[in-house]
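Accompanying notes for the structure given below.
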Amino acid sequence: MKIKSIYLFTLPALLVMLIFYLYPIALSFKMSFTDFTGVGIANDVGWKNYDRIFSRQRYLDAIQITFTFSFIVVIIQNLIGLFFAALLFKMPTIRNFCRAALFTPSMMSFVIVGYVWQFIYSPYNGGLNSLLGSIGLESLQHTWLGDPSTALFAITATHIWMFVGYSCAIFLAGFANIPADIQEAGRLDGASAWQRFRYLELPLLAPSITINIVLSTIGTLKTFELPFIMTGGGPVGSTRTLSLEIMQNLFGQYKFGFAGALSIVMLIVIIFIVFFLNRFLKNKEDNL
Amino acid sequence: MKKTKLTGVALSLMIASSAIAKNVTLEVTAWKGNEAEPAGFGTLLPKFHAENPNIKIELNYISRGDTNVVLPPRLQSGKNAPDIMMVDMPLVKVWGDAGLLKDLGTDSSWFNNVLPSIKNSLISNNALYVQPIEVVGLGNFVNLDLLAKAGISEPPKTIDDLLTACQKLDAKGIVPMLFSAGLSGSMFVVANGIDLSDAEPWALGSGQSKFADNQGFNKSLDITRQLIDANCFDPKLQAGLDPWTTSLTEFRSGNVAMLPQGAWNMKAFDEQEGLNYVFTSLPSNQTTGIALDTFAMGWAISSTTKHSEEAQLFLDFFSRDENLAILLKEDSGYSPYSNGTSGLSSLAQGYNDARDAGNIVMWPVYMNHWPATMEAATIDGVASLLLKPSMDNEDILEVWDEVVEDSL
Numbered sequence: 200m201k202i203k204s205i206y207l208f209t210l211p212a213l214l215v216m217l218i219f220y221l222y223p224i225a226l227s228f229k230m231s232f233t234d235f236t237g238v239g240i241a242n243d244v245g246w247k248n249y250d251r252i253f254s255r256q257r258y259l260d261a262i263q264i265t266f267t268f269s270f271i272v273v274i275i276q277n278l279i280g281l282f283f284a285a286l287l288f289k290m291p292t293i294r295n296f297c298r299a300a301l302f303t304p305s306m307m308s309f310v311i312v313g314y315v316w317q318f319i320y321s322p323y324n325g326g327l328n329s330l331l332g333s334i335g336l337e338s339l340q341h342t343w344l345g346d347p348s349t350a351l352f353a354i355t356a357t358h359i360w361m362f363v364g365y366s367c368a369i370f371l372a373g374f375a376n377i378p379a380d381i382q383e384a385g386r387l388d389g390a391s392a393w394q395r396f397r398y399l400e401l402p403l404l405a406p407s408i409t410i411n412i413v414l415s416t417i418g419t420l421k422t423f424e425l426p427f428i429m430t431g432g433g434p435v436g437s438t439r440t441l442s443l444e445i446m447q448n449l450f451g452q453y454k455f456g457f458a459g460a461l462s463i464v465m466l467i468v469i470i471f472i473v474f475f476l477n478r479f480l481k482n483k484e485d486n487l
Numbered sequence: 054m055k056k057t058k059l060t061g062v063a064l065s066l067m068i069a070s071s072a073i074a075k076n077v078t079l080e081v082t083a084w085k086g087n088e089a090e091p092a093g094f095g096t097l098l099p100k101f102h103a104e105n106p107n108i109k110i111e112l113n114y115i116s117r118g119d120t121n122v123v124l125p126p127r128l129q130s131g132k133n134a135p136d137i138m139m140v141d142m143p144l145v146k147v148w149g150d151a152g153l154l155k156d157l158g159t160d161s162s163w164f165n166n167v168l169p170s171i172k173n174s175l176i177s178n179n180a181l182y183v184q185p186i187e188v189v190g191l192g193n194f195v196n197l198d199l200l201a202k203a204g205i206s207e208p209p210k211t212i213d214d215l216l217t218a219c220q221k222l223d224a225k226g227i228v229p230m231l232f233s234a235g236l237s238g239s240m241f242v243v244a245n246g247i248d249l250s251d252a253e254p255w256a257l258g259s260g261q262s263k264f265a266d267n268q269g270f271n272k273s274l275d276i277t278r279q280l281i282d283a284n285c286f287d288p289k290l291q292a293g294l295d296p297w298t299t300s301l302t303e304f305r306s307g308n309v310a311m312l313p314q315g316a317w318n319m320k321a322f323d324e325q326e327g328l329n330y331v332f333t334s335l336p337s338n339q340t341t342g343i344a345l346d347t348f349a350m351g352w353a354i355s356s357t358t359k360h361s362e363e364a365q366l367f368l369d370f371f372s373r374d375e376n377l378a379i380l381l382k383e384d385s386g387y388s389p390y391s392n393g394t395s396g397l398s399s400l401a402q403g404y405n406d407a408r409d410a411g412n413i414v415m416w417p418v419y420m421n422h423w424p425a426t427m428e429a430a431t432i433d434g435v436a437s438l439l440l441k442p443s444m445d446n447e448d449i450l451e452v453w454d455e456v457v458e459d460s461l
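See the structure below:
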């Protein structure tokens, strides 16, 4: 009886989840089998939308681009974030100021960041090319967003710049949780700074690593803002992520049914990746 | 008996007059009328109210992007729809086909006066859901001072003139033109493709005719290669060039001689000190060049409005040339009606000449001649060509056919 009444207290939360999370997903799933245009009647089209996703190279490319973007950002953003956190942990006098400075870009609007970096990458008098020219590296000047081989990496760099402070803040919180006596014991045993970081701090940062990797993976798999603003998915679809494809189908082409099918594919991909990633990282934590 | 009749008549008149004098508020949504794009609404709405004192207009600014998100749920609910909405042709197709817009009827006084180039395309499923209020020109902005430096006295109108101009400008170290795949390049390829095509644009957009087999579009891509060979632009720089920021800044700064873009930029260019420019037609095989017109916007009435008659009065107000001219002047647009006043200054004479000669191509996506998905496909196709000019036309055009097939 007592256990039953405890479960009753979860009902409001379950109800909220049902209405605001599960119901929209079920609705999207239902919509993905129709030709709904956002208004009017939705006609049943069976598996046609899914068939189109897996039979057209364009959508498979979008999935691959999303994975590439996500992989690069998750790895580099977290490595740089960890580097800054380790550095700032050792410098308490400037830690708070630097943490705030690093965190600021992540609080800025994607629109502003996108446009500013678009000007920096501009082939005509853009900041990056001008800088390279002024230090005698003209040979490295490039059409960063205009070349399909560099456009995705240019956007990736912007995303990393924007969110590296976010990762750093989480790692710094992890460093703060490391007991001082463990550090002290390491020093007394004669461990070098690198050895203390590698064998003491890094294993104890495992929960922070898990949070950072899971959050940045989910965030990057869903990304569309920077590609939308900086390149519109071009050139030649080289920066067209799955989320951007969904946006363009929804609000540019009014293909709500098809966008629904793409959303379901994306949801399955994200659940699959995050589930196994989380399991892998948790196992690592438990084995420490 | 007589007294009773008189009382009855008097009562009827009172009821009728009170009905006429009843105050009505019309909710109008538009992506014009804010501070950035006033479009003369500050003058027009008080004028309308002065003429119709019992009708109050509640104008709600909703950006074009937000229109896609905000209005469909309201329309779909059937109870909370605005009375009048600013629409473009893609919206007319989606909302009209779903029965959410009122059929305005082709017997309207203004319909017979609509420009022939757009008249038939306004009819969707045997119904007329939109009253056009603006046509926008997409043409070639030309910096006359830079042309003069290269010894060129007239803006190029034909392809041969353009190739010669590019060579002369390039020889003087002046960047001849910007050709972003995102707009300028797509405009040029589409306009010339349709102009040279033996198939109608709606035949290509419905899959009845194939892009891959189309002589016009094959030729248009070949002309683009000729422009590359004549050093009109660096193709690799154009593939990812932003047409809305960098391109406009470069032209406004006097760094480039020619820029295919929309007439709506004229107001901003007019304010640029020292910029001596004209807005002219896109170079083509026609001696006047081509005017690439596009349907910018119109008014539609919700099928569930309770104020149909008053909404009709609002539309009639905008169909009158003296009112529409105020909007068009502030918005640098063309009237969608024959003999309507143009909102463009004399700097657009070259573009006007092409229109007057009938050398008009309508931007097919915004006339619903091509599916909306073709916009991105065109941009990708032109970008592919710019990145690899040696690629086969077939490789580009077959993708366009595939996109059309997917939309059917």
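Residue numbers (the numbering used here), protein chains in the order written: chain A, 200 to 487; chain E, 54 to 461.
We treat Cβ as the ideally placed atom computed from N, Cα and C, and that holds for glycine.
Here the structure is a predicted model, which is why all the values come from computation and not from measurement.
Assignment of E/N308 by DSSP, reduced to helix, strand and coil, places it in the coil class.
Close to E/P125, with beta-carbon spacing below 7 Å, are these residues of chain A in chain order: G237, V238. Proximity of E/T211 to chain A, defined by a Cβ-Cβ separation below 8 Å, is not satisfied.
Taking 8 Å as the threshold, the shortest C-beta distance from E/K382 to chain A does not fall below it. Interface with chain A (8 Å Cβ-Cβ cutoff): E/I432 is included. Annotated three-state conformation of A/M446 is helix, per DSSP. For the stretch 440–468 of chain A, the set of residues with a beta-carbon nearer than 7 Å to any beta-carbon of chain E comprises Q447, F450, G451, Q452, Y453, in chain order. Residue ranges of uninterrupted alpha helix (DSSP H) with 4 or more members, entirely inside the stretch 122–182 of chain E and ordered along the chain, are 142–150, 169–172. Three or more Cβ pairs closer than 8 Å define a contact, and the stretch 241–251 of chain E meets that threshold against the stretch 263–273 of chain E.
Under the rule that a run must span 4 or more residues, the alpha helix (DSSP H) segments found entirely inside the stretch 310–358 of chain A read 326–333. Listed along chain A are G345, D346, P347, P434, V435, each with a C-beta nearer than 9 Å to that of E/L440. With respect to the 8 Å criterion, A/L425 and A/G280 are not classified as neighbours on the basis of their beta carbons. Assignment of A/M306 by DSSP, reduced to helix, strand and coil, places it in the helix class. Where E/F194 is concerned, the enclosing beta strand (DSSP E) starts and stops at 184–196. Taking the beta carbon of A/T430 as reference, the chain E residues within 7 Å of it are G293, listed in sequence order. A Cβ of chain A is located within less than 8 Å of the beta carbon of E/A234. The residue among A/R439, A/I275, A/L259, A/Y206 with its C-alpha nearest the C-alpha of A/V363 is A/I275.
Proximity of chain A to E/S437 at the Cβ level (cut-off 9 Å) is accounted for by P434, V435, in chain order. Interface annotation, A/Q340: not in contact with chain E, CB-CB separation never under 8 Å. Looking at the DSSP output, E/Y387 bridges to E/V188. In this structure, the alpha-carbon of A/G451 lies about 10 Å from that of E/L144.
In the structure shown, E/T333 adopts extended strand secondary structure according to DSSP, grouped into three states.
Runs of the alpha helix (DSSP H) spanning 4 or more residues and lying entirely within the stretch 228–290 of chain A occur at 247–254, 256–288, in chain order. Below the 7 Å Cβ cutoff, chain E contributes T299 as neighbours of A/S321, in chain order. The distance from the Cβ of E/V195 to that of E/A316 is about 13 Å, inconsistent with a contact at the 8 Å cut-off.
Within the stretch 325–382 of chain E, the complete alpha helix (DSSP H) segments at least 4 residues long are 361–372, listed from N- to C-terminus. Rounded to whole angstroms, the gap between the alpha carbons of A/L371 and A/L287 is 8 Å. Residues of the stretch 241–268 of chain A with a Cβ closer than 8 Å to any Cβ of chain E, in chain order: R251, R255. Interface residue (Cβ-Cβ distance to chain A less than 8 Å): E/L400 is not classified as such. Assignment of A/V435 by DSSP, reduced to helix, strand and coil, places it in the coil class.
Chain E has no Cβ within less than 8 Å of the Cβ of A/Y222. Secondary structure at E/N446: helix, using DSSP grouped into helix, strand and coil.
Looking from the CA of E/E363, the closest CA among E/E88, E/T96, E/F101 belongs to E/F101. Contact annotation: E/L128 and E/S361 have beta-carbon atoms that are not nearer than 8 Å. Close partners of A/Y314 in chain E (Cβ separation under 8 Å): T298. Annotated three-state conformation of E/I115 is coil, per DSSP.
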